[in-house]
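Visitor:
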Amino acid sequence: MSFERNDHLNVQKSAALDPPSAALLRSLGTRLRQMRKSQGLSRRSLSERSGVSPRYLAKVEAGDGNISIGLLIKLAAALEQPLEHFLMADAMFHSDLPHIAQLYARADAAVRARVLQVLDPERMGRQKAQRLCLVGLRGAGKSTLGARVAKVFDAPFIELNREIEKNAGMALGEIIALYGQEGYRQLEADTLTGIIEGHSRAVVAVAGGIVSEEGSFYHVLSRFHTVWLKASASEHMERVRAQGDVRPMQDNPQAMIQLRQILRSREDLYTQSDHVLDTSGKSVDQSQIELSQLIESCQILDARAV
């Protein structure tokens, strides 16, 4: 009963509003109605969700309700919409905007990065600066090729895992044993942020599994020019073994099957990179030449030392 009385007082006050305020309330009411209908909600349904009476909702939608910030926050929460969507200038508002905002919020990191790349490529270009990130499974050549092209283009080369170890003061195995996978991922995210803030020009190699960590992968896609170094599962395995690491095959006859499964499960994520360089059947020298050509042609790094 008291809630209905408060509604009534708000409605009565609206009669004395100045023209700009009255126009804002009419615009707000129109948007509220559009948002409600786009979700297939009746006024009664929205009332039950928000705690705002159906009678008052009708007044607000008609532009006659001098709604308080408190009630507007309740309606925004019930419709799962940002408060600013109710208040932005008409020229900035589109009837599809609330739905688009919901889709964007629910999308994964790769989709959000692609949306920004399409809608605002200049801003994305500025955000990426001259930072190159190499992604791919272990054995793809990220460290070897990264170090080589960094030297050619006179840029710092950073291996993310080595940087994590340096910041933590311990080896990766110790980090995971002490803090667990969740702790490692937090250190990974913090270290990646530090690289972004501290380097506008660098070549970075990241662990193959970073694509599975949505927040960190979004930072990679949105703040770096990315190249997926692609190779077959058998080549990944052979390159790791050639480095003297026999652990992938030791006492594990299913190792190759598992590696193929990992590669297959991550392939859709890796393909979200800006560029793909297939190193299959190529020497390190040939792959370096092709990566350098890609960097030059796409103007990812300026050619200071070329």
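Note that my numbering numbers the sequence shown so that position 262 is 263, with each residue one more than the last. Glycine included, C-beta positions come from ideal geometry on N, C-alpha and C.
Quickly, what does DSSP pair I159 with across the bridge? List them, please.
Guide: Its beta-bridge partners are V205.
Visitor: Could you give the uninterrupted runs of the alpha helix (DSSP H) lying entirely in the region 79–139, keeping only those of 4 residues or more?
Guide: Correct list: 98–107, 110–120, 122–129.
Visitor: Let me know if I296 comes out buried or exposed under the rule of 16 or more other beta-carbons within 10 Å of its beta-carbon.
Guide: I296 is buried by the Cβ-count criterion.
Visitor: Could you please give the first and the last residue of the uninterrupted beta strand (DSSP E) stretch that includes D279?
Guide: Looking at the DSSP string, the run of the beta strand (DSSP E) that includes D279 is 276–279.
Visitor: Tell me the DSSP bridge mates of K231?
Guide: Per DSSP, D279.
Visitor: Taking the alpha-carbon positions, what's the M257 to G140 distance?
Guide: Between M257 and G140, the C-alpha separation is close to 13 Å.
Visitor: Taking the DSSP output, what are the residues bridged to H226?
Guide: BP columns for H226 point to L133.
Visitor: For L80, which of L173, R37, N67, R107 has the nearest alpha-carbon?
Guide: The option with the nearest alpha carbon to L80 is R37.
Visitor: Is the Cβ of N67 closer than 8 Å to any Cβ of chain B?
Guide: Absence of chain B from the displayed structure is noted, only one protein chain being present.
Visitor: Taking the C-alpha atoms as reference points, what is the distance between T194 and H220?
Guide: Between T194 and H220, the C-alpha separation is close to 8 Å.
Visitor: Flag this pair as touching only if the region 269–280 and the region 216–231 have three or more C-beta atom pairs under 8 Å; answer yes or no.
Guide: Yes: the two stretches touch, three or more of their Cβ pairs being nearer than 8 Å.
Visitor: Given E214, which residues of its chain have a CB within under 8 Å of its CB, disregarding the five upstream and five downstream residues?
Guide: If we look at E214 and ignore the five residues flanking it on each side, its Cβ neighbours are R186, E189, A190.
Visitor: Assuming the contact rule is C-beta atoms closer than 8 Å, S223 and A114 should be a hit. Round their C-beta distance to whole Å, please.
Guide: At roughly 5 Å, the Cβ-Cβ gap stays under 8 Å, so S223 and A114 are in contact.
Visitor: Should R149 be labelled buried (16 or more other beta-carbon atoms within 10 Å of its own) or exposed?
Guide: Buried, since its Cβ has 16 or more Cβ neighbours within 10 Å.
Visitor: Mapping the DSSP letters down to three states, classify S43 as helix, strand or coil.
Guide: If DSSP states are grouped into helix, strand and coil, S43 belongs with coil.
Visitor: Would the beta-carbon of A203 fall within 8 Å of that of I159?
Guide: Going by C-beta atoms, A203 is nearer than 8 Å to I159.
Visitor: Tell me the DSSP secondary structure of Q289 in three-state form.
Guide: In the structure shown, Q289 sits in a helix (DSSP, three-state: H, G or I).
Visitor: Out of Q103, I68, K75, D155, which has the shortest C-alpha to C-alpha gap to S293?
Guide: Nearest C-alpha to S293: D155.
Visitor: Give me the Cα-Cα distance between K152 and L146, rounded to the nearest whole angstrom.
Guide: Each residue's alpha carbon lies about 10 Å from the other.
Visitor: Helix, strand or coil for M257 per DSSP?
Guide: M257: helix per DSSP, three-state reduction.
Visitor: How would you write the range of the alpha helix (DSSP H) that L58 sits in, first residue to last?
Guide: Element bounds for L58: 55–62.
Visitor: Put M238 into one of helix, strand or coil per three-state DSSP.
Guide: If DSSP states are grouped into helix, strand and coil, M238 belongs with the helices.
Visitor: From what residue to what residue does the alpha helix (DSSP H) around T194 run?
Guide: Counting along the chain, the alpha helix (DSSP H) containing T194 begins and ends at 173–199.
Visitor: Kindly indicate which three-state DSSP category F154 falls into: helix, strand or coil?
Guide: DSSP places F154 in coil when its eight states are reduced to three.
Visitor: Could you work out which residue in Q259, P157, F225 is closest to R124 when comparing CA atoms only?
Guide: Of the candidates Q259, P157, F225, the one whose C-alpha sits nearest the C-alpha of R124 is F225.
Visitor: Given this structure, state the Cα-to-Cα distance separating E62 from L76, to the nearest angstrom.
Guide: So the alpha carbons of these two residues sit roughly 12 Å apart.
Visitor: Take E291 and list the residues in its own chain whose beta-carbon comes closer than 7 Å to its own, dropping the five residues that flank it on each side.
Guide: Only L278 meet the Cβ criterion.
Visitor: With a threshold of 16 other CB atoms inside 10 Å of the CB of Y105, please say whether the residue is buried or exposed.
Guide: Exposed, because fewer than 16 other Cβ atoms sit within 10 Å of the Cβ of Y105.
Visitor: Under 8 Å Cβ to Cβ from L25, same chain only, skipping five residues before and after it: list those, please.
Guide: Excluding positions up to five away in sequence, the list reads L88.
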